[in-house]
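**Q**
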Amino acid sequence: MQNLMELGELYKELRMARGLKLKDVASDNLSISQLSKFENGQSMLSADKLFVAIEGINMTLMEFGHAFNNYEDRAFFKLGDQIAQLHARQDIEGLKRLLKVLESKEDKKVYDNLNLLIVKENIHFLDRSFEIKKEEVEFLTSYLYGIDEWTEYEIFLFGNTLSLLSNSDLVFLGKEFVKRDKFYRSIPTHQTAAKLTLSNLIFVLIERREFDYVTYFLDILEDSVDYEDMLIITFLNFFKLLLTYIKSGQFEELLQIKEYIAMVRKLGNSQLAQHLEANLEPFIQVSACPRSN
DNA sequence: TATCCGGCTTTTAAGAAGGT
DNA sequence: ACCTTCTTAAAAGCCGGATA
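Per my numbering, the very first residue in the first sequence carries number 1; after that it's consecutive.
Listed below in structure tokens is the structure:
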């Protein structure tokens with residue numbers, strides 16, 4: 001395996017960059033000769049020895065893994081990106097083509113089926129006539145319910161299948177999500193994914209007029225936000241304004257939202273502004289709008 | 001379907017020897 | 001000094017088939 005050979009090479013680079021000798025890294029559990037063979041691709045370390053080796057150069061497994069993946073995201077994030085791009089372009093045909101490709105794979109494993117569902121949800125989101133079987137949704141909910149500690153994948157999965165879930169599933173799993181992502185929350189990428197998914201959840205709940213739960217999850221999101229979360233804060237404020245507007249139906253409130261979006265655009269994030277506008281669109285009531293526009 | 005088992009392959013440790 | 005290569009016996013891992 002070429003890939004695995006590179007594992008040793010990478011390790012060597014990382015070790016030398018730190019000015020460490022083989023003997024500095026070697027320990028009771030890992031000999032110098034073993035490390036040498038590993039670095040030169042002549043042998044592979046067993047999993048436990050690899051832990052020792054990585055610890056020896058003062059890196060975490062996550063950091064090493066990140067370096068090994070060539071500073072790229074994992075495969076499922078690539079799929080996620082691909083789906084998000086197709087979704088943003090509203091490219092239903094593109095999504096259906098992707099679906100075909102994923103469906104054509106034989107001997108599908110659990111994750112193949114779950115990824116399939118994510119693509120289907122995105123199609124369903126754009127084209128409500130595209131149906132998804134009940135048992136597929138049940139498969140999804142029972143998977144999510146079965147995982148005690150949600151990793152980024154489960155968060156990603158939940159965030160990308162919200163529109164398939166019934167209101168009660170949405171709220172139930174949403175509450176579970178808030179509990180179950182705690183274990184891995186010290187990982188920054190995890191935390192970011194969690195906040196984005198929470199934002200998505202809130203938006204879907206607003207769409208479904210489940211205002212009590214919106215307030216509940218808004219509070220949770222607000223608690224988890226820190227000053228670095230500009231994106232999330234932008235969403236948070238948008239949701240609050242949107243909520244006030246929907247409840248009152250006042251044209252003035254709508255103007256406030258539009259002003260807010262204009263401000264976001266002024267700050268230089270026109271893409272986000274566009275996104276907010278698209279999200280606002282379904283809520284603009286004709287009656288609240290004197291000039292049809 | 002998961003687990004156990006036997007044979008086959010790979011990796012390991014340690015030190016000695018060789019290379020730069 | 002530092003790293004690599006070689007050697008050995010032992011340990012561990014892997015794979016497929018049988019079993020429950």
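Note that beta-carbon positions come from the ideal geometry of N, C-alpha and C, so glycine has one too.
DSSP on Ser27, reduced to helix/strand/coil?
**A** Taking the first residue of the first sequence as position 1, residue 27 is located at position 27. The answer is strand: DSSP assigns Ser27 an E or B state.
**Q** Quick check: what's the CA-CA separation for Glu135 versus Ile118?
**A** Reading the first sequence from its first residue, position 135 is the one you call residue 135. Reading the first sequence from its first residue, position 118 is the one you call residue 118. The alpha-carbon atoms of Glu135 and Ile118 are separated by roughly 15 Å.
**Q** CB-CB under 6 Å to Phe183, same chain, minus the five flanking residues each way: which ones, in chain order?
**A** On the first sequence, position 183 is the one that residue 183 refers to. Contacts found: Glu149.
**Q** My parser needs the alpha helix (DSSP H) runs of 4 or more residues fully inside the region 171 to 217; what are they?
**A** Runs of the alpha helix (DSSP H) inside the region 171 to 217: 188 to 207.
**Q** Measuring straight from C-alpha to C-alpha, what distance separates Asn40 and Gly56?
**A** The residue given as residue 40 occupies position 40 in the first sequence. The residue given as residue 56 occupies position 56 in the first sequence. Each residue's Cα considered, the two are about 18 Å apart.
**Q** Identify every run of the alpha helix (DSSP H) within the region 27 to 72, keeping only runs that are complete inside it and at least 4 residues long; order them along the chain.
**A** Fully enclosed alpha helix (DSSP H) runs of 4 or longer: 32 to 39, 47 to 56 and 61 to 68.
**Q** Does Val110 pass the burial test, meaning 16 or more other C-beta atoms within 10 Å, or should it be called exposed?
**A** Within the first sequence, the letter at position 110 stands for residue 110. Looking at its Cβ environment, which holds fewer than 16 other Cβ atoms inside 10 Å, Val110 is exposed.
**Q** Can you tell which of Leu144, Ser168 and Ala26 has its C-alpha closest to the C-alpha of Leu157?
**A** Counting from 1 along the first sequence, the entry for residue 157 is found at position 157. The shortest Cα separation from Leu157 among Leu144, Ser168 and Ala26 belongs to Leu144.
**Q** If we count the other Cβ atoms within 10 Å of its Cβ and call it buried at 16 or more, is Ser270 buried or exposed?
**A** Within the first sequence, the letter at position 270 stands for residue 270. Answer is exposed; the Cβ neighbour count stays below 16.
**Q** Is Glu106 helix, strand or coil when you go by DSSP?
**A** For the purposes of this step, residue 106 is taken as residue 106 along the first sequence, with counting starting at 1. If DSSP states are grouped into helix, strand and coil, Glu106 belongs with coil.
**Q** Taking the Cβ atom as the reference point for each residue, do Ile284 and Phe239 lie within a distance shorter than 8 Å?
**A** The count along the first sequence starts at 1 and reaches residue 284 at position 284. The count along the first sequence starts at 1 and reaches residue 239 at position 239. Cβ distance not < 8 Å, so Ile284 and Phe239 don't count as in contact.
**Q** Pair every Cβ in the region 20 to 34 with every Cβ in the region 60 to 70, then say whether three or more of these pairs are closer than 8 Å.
**A** With a cut-off of 8 Å, the region 60 to 70 and the region 20 to 34 do not count as touching, because too few Cβ pairs lie within range.
**Q** Helix or strand or just coil, what does DSSP make of Gly268?
**A** By one-based count along the first sequence, residue 268 stands at place 268. Three-state DSSP puts Gly268 in coil, outside helix and strand.
**Q** Buried or exposed for Leu164, please, with buried defined as at least 16 other CB atoms from any protein chain shown within 10 angstroms of its CB.
**A** As a first step, residue 164 must be located in the first sequence, where it is residue number 164. Buried.
**Q** How close, in whole Å, do the beta carbons of Val214 and Leu162 come, if the pair is a contact with beta carbons under 8 Å?
**A** Here residue 214 refers to the residue found at position 214 of the first sequence. Here residue 162 refers to the residue found at position 162 of the first sequence. Not quite, the Cβ-Cβ distance comes to about 13 Å (not below 8 Å), so this is no contact.
**Q** Report the three-state DSSP secondary structure of Glu281 (helix, strand or coil).
**A** Within the first sequence, numbered from 1, the residue matching residue 281 stands at position 281. Helix, per DSSP.
**Q** Should Lys247 go down as buried or exposed, given a rule of 16 or more other Cβ atoms within 10 Å for buried?
**A** Reading the first sequence from its first residue, position 247 is the one you call residue 247. Counting Cβ neighbours within 10 Å, Lys247 comes out exposed, since fewer than 16 surround it.
**Q** Do the CB positions of Lys120 and Leu99 come within less than 8 Å of each other?
**A** Counting from one through the first sequence, the residue named residue 120 turns up at place 120. Counting from one through the first sequence, the residue named residue 99 turns up at place 99. Yes.
**Q** Compare the beta carbon distance of Leu221 and Ile202 with 8 Å and say whether it is the shorter of the two.
**A** Start at 1 with the first residue of the first sequence, and residue 221 comes out as number 221. Start at 1 with the first residue of the first sequence, and residue 202 comes out as number 202. A contact, by the Cβ cut-off of 8 Å.
**Q** Could you pull out every residue in the same chain whose Cβ sits closer than 8 Å to the Cβ of Lys105, ignoring the five residues on either side in sequence?
**A** Locating residue 105 in the first sequence gives position 105, counting from the first residue. Answer for Lys105: Asp112, listed in chain order.
**Q** Between the beta-carbon of Ile123 and the beta-carbon of Ile92, is there less than 8 Å?
**A** Working through the first sequence from its first residue, we reach residue 123 at position 123. Working through the first sequence from its first residue, we reach residue 92 at position 92. It is a contact, given that the beta carbons lie within the stated cut-off.
**Q** Are the beta-carbon atoms of Leu20 and Phe68 separated by less than 8 Å?
**A** For the purposes of this step, residue 20 is taken as the residue at position 20 of the first sequence. For the purposes of this step, residue 68 is taken as the residue at position 68 of the first sequence. No, Cβ-Cβ distance for Leu20 and Phe68 is not below 8 Å.
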